[in-house]
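Numbering (full-length UniProt numbering), first residue to last: 1 to 360.
Note that beta-carbon positions come from the ideal geometry of N, C-alpha and C, so glycine has one too.
Here the structure is a predicted model, which is why all the values come from computation and not from measurement.
Before any comments, here is the structure.
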Amino acid sequence: MDRTFRSIHPKFKWKGISMRYHDLDEVSYSLIKEGQPYQKVLGEFLLDWIDKKNTIVLKTSGSSGIPKNIRVEKQYMVNSALATGSYFDLRPGQAALLCLPGNYIAGKMMLVRAMVLGLELDWVAPSMNPLRTMDYCYDFCAMVPMQLENSLDQIDKIKTLIVGGTPMSDSLREKVQDKKVNVFETYGMTETLSHIAVRKVNHGATDYFETLPNVKIHSDERDCLVIKAPEISKEPIYTNDIVELQSDQRFKWLGRYDNIINSGGVKLIPEQIEGKLATLLKKRFFIVGLPDKKLGQKVALLIESQHKDTGLLEKIKTLETIKKYEIPKDIVCIERFVETGNGKISRPETLLLLQNGKDI
Numbered sequence: 001m002d003r004t005f006r007s008i009h010p011k012f013k014w015k016g017i018s019m020r021y022h023d024l025d026e027v028s029y030s031l032i033k034e035g036q037p038y039q040k041v042l043g044e045f046l047l048d049w050i051d052k053k054n055t056i057v058l059k060t061s062g063s064s065g066i067p068k069n070i071r072v073e074k075q076y077m078v079n080s081a082l083a084t085g086s087y088f089d090l091r092p093g094q095a096a097l098l099c100l101p102g103n104y105i106a107g108k109m110m111l112v113r114a115m116v117l118g119l120e121l122d123w124v125a126p127s128m129n130p131l132r133t134m135d136y137c138y139d140f141c142a143m144v145p146m147q148l149e150n151s152l153d154q155i156d157k158i159k160t161l162i163v164g165g166t167p168m169s170d171s172l173r174e175k176v177q178d179k180k181v182n183v184f185e186t187y188g189m190t191e192t193l194s195h196i197a198v199r200k201v202n203h204g205a206t207d208y209f210e211t212l213p214n215v216k217i218h219s220d221e222r223d224c225l226v227i228k229a230p231e232i233s234k235e236p237i238y239t240n241d242i243v244e245l246q247s248d249q250r251f252k253w254l255g256r257y258d259n260i261i262n263s264g265g266v267k268l269i270p271e272q273i274e275g276k277l278a279t280l281l282k283k284r285f286f287i288v289g290l291p292d293k294k295l296g297q298k299v300a301l302l303i304e305s306q307h308k309d310t311g312l313l314e315k316i317k318t319l320e321t322i323k324k325y326e327i328p329k330d331i332v333c334i335e336r337f338v339e340t341g342n343g344k345i346s347r348p349e350t351l352l353l354l355q356n357g358k359d360i
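The structure is reproduced here in structure tokens:
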């Protein structure tokens, strides 16, 4: 069949109702006029999807910088959906759940996948526990880590779950080891039209991400990932993600180049330190480099809390995995971290809050 953005799969259903391409116009207007806020966003996306243009404007999350609008080919989004369908062997008539907001690429792509692959799509209002009132079982679903954390008691209602938006913690990975659901962590961004690589979290877990079909990778002089995916981008996509390559299709994610701390000539990757501290901290936190006259930058631990744990530093020093130069020189409590529009921690904005001396 014709797999273009000008058509949808004949088996596509939305909330149990069969849809054709010419139905999307009426559906989009109905959602915009009568729907809840999260439904209106999807209605607006559908309206843009069926207009006469070959391209569509997407909004980046802003987790690593200022949010911006980018224009992409609609056919590239179709190609991305086909690659996901091929990797996970998704078949027409299978049930999928959309529980992510439609403002950003992850939510939009769940709808595109359903239309392209002929899935039967159900949807619920985005929340931290989307399965709370659900009785039905689904073949495929996408969540952010916090949704998975809050849905562990019901997560076996899903057969295949992809988790993205922010890295999963080691403790969360441990919690899904005995679950029947097949959990995959994803790597991607708005510019890659959702994920271009996944890694198994349970039932054969691996530390390495594996790319989807027709995606090749290499690293640049900074050891940052470069993505060649001609079916979703005309040009190579250069990232600021530091990686360890195993092949041109497999890599381990280490952290962000723009987060690197140079402390006394030693280059430290905050995300690697955070992984070691995750076993001790229940509240949200992250590692940053703060100015230091002697070291240039010192390692600092920022915690989302009103009260400082006076014994935390000593607990950190007892960790067998942590190295001497990774131990925070300063621990700072901030009442509330700044978030991006889709709920991720904005490190730059939170650090600016700290530098301005507010809410500390």
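Query, Result
"Write down every uninterrupted run of the alpha helix (DSSP H) in the stretch 133-217 whose length is 4 residues or greater and which is fully enclosed by it, in chain order.", "145-150 and 170-175"
"Report the partner residues of Q272 according to the DSSP bridge assignment.", "According to DSSP, Q272 bridges with nothing at all."
"Is the separation between the beta-carbon of residue 367 and that of I334 shorter than 7 Å?", "Past the edges of the chain, shown from 1 to 360, lies residue 367, and the structure says nothing about it."
"If we call anything under 7 Å between Cβ atoms a contact, is S194 one with I105?", "yes"
"Thinking just about the alpha-carbon of each residue, which of K68, T186, L172 and D48 is nearest to the one in F251?", "T186"
"Compare the beta carbon distance of I155 and Y138 with 7 Å and say whether it is the shorter of the two.", "no"
"Give me the residue from K234, V27, S61 and D223 with the minimum Cα distance to D241.", "D223"
"Terminal residues of the continuous alpha helix (DSSP H) containing E44?", "P37 to W49"
"Leaving out five residues before and five after H218 in sequence, what residues of the same chain have Cβ atoms less than 6 Å from its Cβ?", "V226"
"Given a cut-off of 7 Å, decide if G118 and L42 are closer than it, judged by their beta-carbon atoms.", "no"
"Output the distance between the C-alpha atoms of N342 and L31, rounded to the nearest integer angstrom.", "21 Å"
"Is E174 buried or exposed, if buried means 16 or more other CB atoms sit within 10 Å of its CB?", "exposed"
"Quick one: using the 10 Å Cβ neighbour count with 16 as the cut-off for buried, is K74 buried or exposed?", "buried"
"Excluding the 5 residues flanking K276 on each side, which residues of the same chain have their C-beta closer than 8 Å to its C-beta?", "L319, T321, I322 and E326"
"Please name the residue, chosen from S171, K324 and I232, that lies closest to T279 on a Cα-to-Cα basis.", "S171"
"Counting C-beta neighbours from all protein chains within 10 Å, is the total for Q297 16 or more, i.e. buried, or is it exposed?", "buried"
"Ignore the nearest five residues each way along the sequence and tell me which others in L290's own chain have a CB closer than 6 Å to its CB.", "K298 and A300"
"Could you check the C-alpha separation between A229 and K308 for me, to the nearest Å?", "46 Å"
"What is the residue span of the alpha helix (DSSP H) that P348 lies within?", "R347 to Q355"
"Does the count of Cβ pairs from the stretch 14-26 and the stretch 42-55 closer than 8 Å reach three?", "yes"
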